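Participant:
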Amino acid sequence: MDEFDTKYGIFVRILMLNVSKSKLTRKMEVRDELQIENQRMNKLIEFTRDKVPLLGFELIGIEKNQIVDPLKAEKYYLIKKIECKTQIDPLPLKDGRHFFFNFD
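The sequence shown begins at 1 in the UniProt record's numbering and counts up one residue at a time.
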């Protein structure tokens with residue numbers, strides 16, 4: 001396993017731990033924890049932004065109470081991606097009413 005993959009895994013764990021605490025993850029905390037320079041941190045953020053959707057999440061950047069591009073942000077948060085189903089099949093009942101089931 002590559003050292004970069006290890007740092008990516010640690011970064012995602014830090015993000016998920018902070019999400020469970022409803023806390024933003026600061027760039028400085030991650031840089032200090034992983035002991036990497038700013039340029040390498042930007043590559044890590046870009047890699048994470050591309051790979052974290054495979055886990056069902058999206059990496060967002062927060063700056064001055066606004067959502068911004070993660071590369072420009074000083075704070076990060078993971079949000080769960082919600083997929084919209086295009087069609088839900090109703091289950092018809094005898095009296096004309098329907099039940100709708102949505103299993104997520």
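C-beta: ideal position from N, C-alpha, C; glycine also.
As the structure is a computational prediction, the values presented were derived from the model and not from experiment.
What is the residue span of the beta strand (DSSP E) that residue 27 lies within?
Facilitator: No beta strand (DSSP E) contains residue 27, which is instead part of the alpha helix (DSSP H) from 27 to 34.
Participant: Please report how far the alpha carbon of residue 24 lies from the alpha carbon of residue 39, in whole angstroms.
Facilitator: Going from the Cα of residue 24 to the Cα of residue 39 covers about 21 Å.
Participant: Near residue 15, which residues of its chain fall below 6 Å by C-beta distance, leaving aside the five closest residues on each side in sequence?
Facilitator: Answer for residue 15: 25 and 78, listed in chain order.
Participant: What is the DSSP secondary structure of residue 46, reduced to helix, strand or coil?
Facilitator: In this structure, residue 46 counts as helix in the three-state DSSP scheme.
Participant: For residue 67, does the count of other Cβ atoms within 10 angstroms reach 16, so buried, or fall short, so exposed?
Facilitator: It counts as exposed.
Participant: The beta strand (DSSP E) spanning residue 63 covers which residue range?
Facilitator: Segment 57 to 63, the beta strand (DSSP E) holding residue 63.
Participant: With distances taken from CA atoms, which of 71, 69 and 3 is nearest residue 35?
Facilitator: Answer by Cα proximity: 3.
Participant: Can you tell which of 46, 53 and 76 has the C-alpha that lies nearest to the C-alpha of residue 28?
Facilitator: For residue 28, the nearest C-alpha among the options comes from 76.
Participant: Using the three-state DSSP reduction, which class does residue 78 fall into: helix, strand or coil?
Facilitator: Strand, per DSSP.
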